[in-house]
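At position 12 of the sequence shown (counting the first as 1) the number is 92 in my numbering, and the numbers step up by one without a gap.
Backbone N, C-alpha and C fix where the C-beta goes; we use that ideal spot for every residue, glycine too.
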Amino acid sequence: MVSPERAIFDAEELINQAIWRGTYDQDFKSELTLCSEAKIILEGLSNLDPILEKHRRRALSQCLLRIDHAYVGLGDHEWTIDRATEALTLAETSGSAVQIARALLSLGNGFLHAGDIVNAERQWVRLLLLAEEYTKDREMQNVVGLTLIVRGHVLNGKGLYDQAARVLEDAYATLVDVGDYFGCASACDLLSEVYLKLDAPDKAETYKSKAEECKTRIRNQPNPYDP
81 MVSPERAIFD AEELINQAIW RGTYDQDFKS ELTLCSEAKI ILEGLSNLDP ILEKHRRRAL
141 SQCLLRIDHA YVGLGDHEWT IDRATEALTL AETSGSAVQI ARALLSLGNG FLHAGDIVNA
201 ERQWVRLLLL AEEYTKDREM QNVVGLTLIV RGHVLNGKGL YDQAARVLED AYATLVDVGD
261 YFGCASACDL LSEVYLKLDA PDKAETYKSK AEECKTRIRN QPNPYDP
């Protein structure tokens, strides 16, 4: 009989593997399969002590967000807001500020895709206010950096290129500090595009080169899940 502690650990290992598959390999079907397995494990646990129950809820929240990431990667946005809302509720009852932030980012993205920019911004503002209390937390700052990229996309789409550049510069600096080269590459790609629109080709080329450097780092990272 597997202990609840071991079951949660096993589920988190599946989620971590799914994150790699979905983020680095862009293998969304594998991400969905792995997270579906983790979800079954986590939802099968009951009557836990309060500390373990919070741990389970935090893991299940992250599991739902990665399931949604996989569906979105496969082109299916239909239930994003519902999944993110459920993930946020679980995160709030888990007591994990970082998980709350992740869920708010996902929920904001869901509203954005649905064309509801007001509600999207509401989630991101709440996230950034929460993050002000966790300036030294690398995981929280990672979420902040990714949120700034999305806001940069929105500003770019509105034609507010100067504002977009400032926000994306902040995103890049934040993500460099926490070592998220995947996020850095995204920020640099968008910065290159924005600076071209601002008629600053030198800066555009600089960020294009930085994006390629980040992508090289990503390619050179050993895959911990290779057989």
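Judged by pairs of C-beta atoms under 8 angstroms, the segment 167-175 touches the segment 132-144, as three or more such pairs exist. Between the C-alpha atoms of Ile197 and Gly155 there is a straight-line separation of about 20 angstroms. For Met220, the enclosing alpha helix (DSSP H) begins and ends at Arg218 to Gly237.
With a 10 Å radius around the Cβ and a threshold of 16 neighbouring Cβ atoms, Gln106 comes out exposed. By the Cβ criterion, the segment 242-257 is not in contact with the segment 206-217, since fewer than three pairs of Cβ atoms, one from each stretch, lie closer than 8 angstroms. Straight through space, the alpha carbons of Gly124 and Arg182 are spaced by roughly 24 angstroms. Between Leu207 and Leu184 a beta carbon distance of about 4 angstroms is seen, short of the 8 angstroms cut, so the two are scored as contacting. Close CB contacts of Ile298 within its chain, under the 8 angstroms cut and outside five residues either way in sequence, are with Tyr104, Tyr261, Phe262 and Ala265 (chain order). Between Leu94 and Leu114 the beta-carbon gap is near 5 angstroms, inside 8 angstroms, which marks them as a contact. Residue state for Thr215 is assigned as coil, using DSSP reduced to three classes.
Runs of the alpha helix (DSSP H) lying entirely within the segment 91-148 and spanning at least 4 residues, in chain order: 108-123.
The alpha-carbon separation between Glu201 and Glu133 amounts to approximately 31 angstroms. DSSP places Ser174 inside the alpha helix (DSSP H), whose first and last residues are Thr160 to Ser174. Lys295 and Gly175 have their C-alpha atoms roughly 35 angstroms apart. Following the DSSP letters along the chain, one finds Tyr305 in no alpha helix (DSSP H), marked with neither H nor E. Around the beta-carbon of Arg101, 16 or more other beta-carbon atoms lie within 10 Å, marking it buried. With respect to the 8 angstroms criterion, Ala171 and Ile161 are not classified as neighbours on the basis of their beta carbons. Shortest Cα-Cα distance from Thr286 to any of His233, Ile99, Asp269 and Lys109 involves Asp269.
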